[in-house]
Every structure is written in C-alpha cells, then in structure tokens.
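*Asks:*
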Amino acid sequence: MSLKQKLQEDLKSSMKNKDNTKKSVVTLIRASIKQYEVDNRVELDDSQVIDIIAKLLKQTKDSLDEFKKAGREDLATQAEAEIEVLKEYLPQQLSEEELNEIVIATISEVGATSMKDMKQIMSSIMPKVKGRADGKLINELVRKNLQ
1 MSLKQKLQED LKSSMKNKDN TKKSVVTLIR ASIKQYEVDN RVELDDSQVI DIIAKLLKQT
61 KDSLDEFKKA GREDLATQAE AEIEVLKEYL PQQLSEEELN EIVIATISEV GATSMKDMKQ
121 IMSSIMPKVK GRADGKLINE LVRKNLQ
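The numbering of the sequence shown is the UniProt record's numbering, which starts it at 1 and goes up by one.
Here it is, written out as structure tokens:
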C-alpha cells in the first residue's frame with residue numbers, strides 16, 4: 001500500500017472515529033500533496049510524499065516554538081498533537097548517536113577540515129538521512145564535529 005493510499009484509509013477511519021486532530025492533519029497532508037501534483041503536473045511517489053510530510057513537520061515544530069514563546073498553551077498542545085500524527089507517516093527517526101556517527105563518517109569521506117566545507121558535508125549527508133532526521137540537528141552536529 002502506497003503512502004497516499006494509507007493517508008486515504010486513515011482519513012476515512014479518523015472520520016469514523018471522530019478523531020478531529022488526525023483528520024485535520026491527514027487532510028492537510030493530502031491537500032499539500034495534491035497542490036504539489038497540480039502545480040508541477042506530476043504524480044508523487046512515496047519518497048516525495050515523505051519530503052512533503054517532513055516539510056509540514058518542520059513548519060509545525062516552528063509554530064510550536066512560536067506558540068510557546070507567545071504563551072499560547074492551547075495552540076502549543078494542539079501543535080504537539082499534530083506533530084505526533086505527522087511522525088506516524090515518516091520513517092523511524094535516527095537517534096542523535098546514530099546521526100553523530102553518520103556525520104563523523106561523512107566528514108572523513110568528504111575530507112572536510114573547516115566550516116568552509118559545510119555545504120559539501122550537508123549535501124552529502126542529507127540524501128543518507130532523508131526523512132529520518134531534522135536538518136537543524138544535523139547542522140548542529142556538523143558544527144560540533146568541525147570545531
């Protein structure tokens with residue numbers, strides 16, 4: 001079953017179960033996929049759908065930070081619930097230790113010695129961890145290992 005089919009089935013079940021959070025998140029994901037497909041006249045495969053979900057997850061995490069800064073606990077709680085639903089559709093996330101090993105291996109592969117090599121390191125790491133890690137965390141680990 002493709003990811004798009006799973007989203008369709010989950011939308012139906014969330015409507016039956018009256019799970020409004022899951023219904024709204026799945027609807028958002030499906031709308032984002034549809035918008036991309038219409039704009040670019042393509043049919044997305046699972047890896048491209050994962051990219052869209054990862055982007056939505058990042059946006060929701062950014063919103064969560066803003067809600068907490070503004071003292072809006074009601075919206076922060078809702079964003080946390082949405083994050084959990086989005087994570088269900090992503091591959092298992094890598095731990096910080098696993099990411100650190102990948103970062104160290106990539107730095108030695110690329111032969112990086114300074115922050116000037118950051119772009120080359122990041123462009124080499126990102127395909128390896130696609131959808132399984134946050135770019136912000138990877139960036140921090142690369143910076144820590146280059147010092």
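A virtual CB, placed ideally from N, CA and C, is assigned to each residue, including glycine.
Model, not experiment: these values are computed from the prediction.
(1) What beta strand (DSSP E) runs, 3 residues minimum, are completely inside the region 63-111?
(2) Measuring CB to CB, does Val129 end up less than 8 Å from Gln120?
(3) Since Val103 and Asn40 are thought to touch, with beta carbons under 8 Å apart, how far apart are those beta carbons, to the nearest angstrom?
(4) With distances taken between CB atoms, is the gap from Leu28 to Tyr89 smaller than 8 Å?
(5) Measure the alpha-carbon distance for Lys116 versus Ala133 and round it to whole angstroms.
(6) Below 8 Å on the Cβ atoms is my contact criterion, and I expect Leu64 with Ile83 to pass it. Report the Cβ-Cβ distance as a whole number of Å.
(7) Nearest by alpha-carbon distance to Gln147: which of Ala112, Gly131 and Pro127 is it?
(8) Indicate whether Ile52 and Ser24 have their beta-carbon atoms separated by less than 8 Å.
(9) Taking just the CA atoms, how far does Thr21 sit from Gln78?
(10) Please classify Ser114 as buried or exposed, where buried requires at least 16 neighbouring CB atoms within 10 angstroms.
*Replies:* So, to answer that:
(1) none
(2) Reading the sequence shown from its first residue, position 129 is the one you call residue 129. Reading the sequence shown from its first residue, position 120 is the one you call residue 120. No, they are not a contact pair.
(3) Residue numbering aside, residue 103 sits at position 103 when the sequence shown is read from its first letter. Residue numbering aside, residue 40 sits at position 40 when the sequence shown is read from its first letter. With 8 Å as the limit, Val103 and Asn40 do not qualify as a contact, their Cβ atoms being about 32 Å apart.
(4) Taking the first residue of the sequence shown as 1, we reach residue 28 at position 28. Taking the first residue of the sequence shown as 1, we reach residue 89 at position 89. For Leu28 and Tyr89, no; Cβs fall outside 8 Å.
(5) On the sequence shown, residue 116 is found 116 positions in, with the first residue counted as 1. On the sequence shown, residue 133 is found 133 positions in, with the first residue counted as 1. Each residue's Cα considered, the two are about 23 Å apart.
(6) Here residue 64 refers to the residue found at position 64 when the sequence shown is read from its first residue. Here residue 83 refers to the residue found at position 83 when the sequence shown is read from its first residue. 7 Å between Cβ atoms; contact.
(7) Indexing the sequence shown from 1 puts residue 147 at position 147. Ranking the options by Cα distance to Gln147, first place goes to Ala112.
(8) For the purposes of this step, residue 52 is taken as residue 52 along the sequence shown, with counting starting at 1. For the purposes of this step, residue 24 is taken as residue 24 along the sequence shown, with counting starting at 1. The answer is no: Cβ separation not under 8 Å.
(9) Residue mapping note: residue 78 aligns to position 78 of the sequence shown, counting from 1. Residue mapping note: residue 21 aligns to position 21 of the sequence shown, counting from 1. Cα to Cα, the separation comes out at about 8 Å.
(10) Within the sequence shown, residue 114 is the residue found at index 114, counting from 1. When all chains shown are included, Ser114 counts as exposed.
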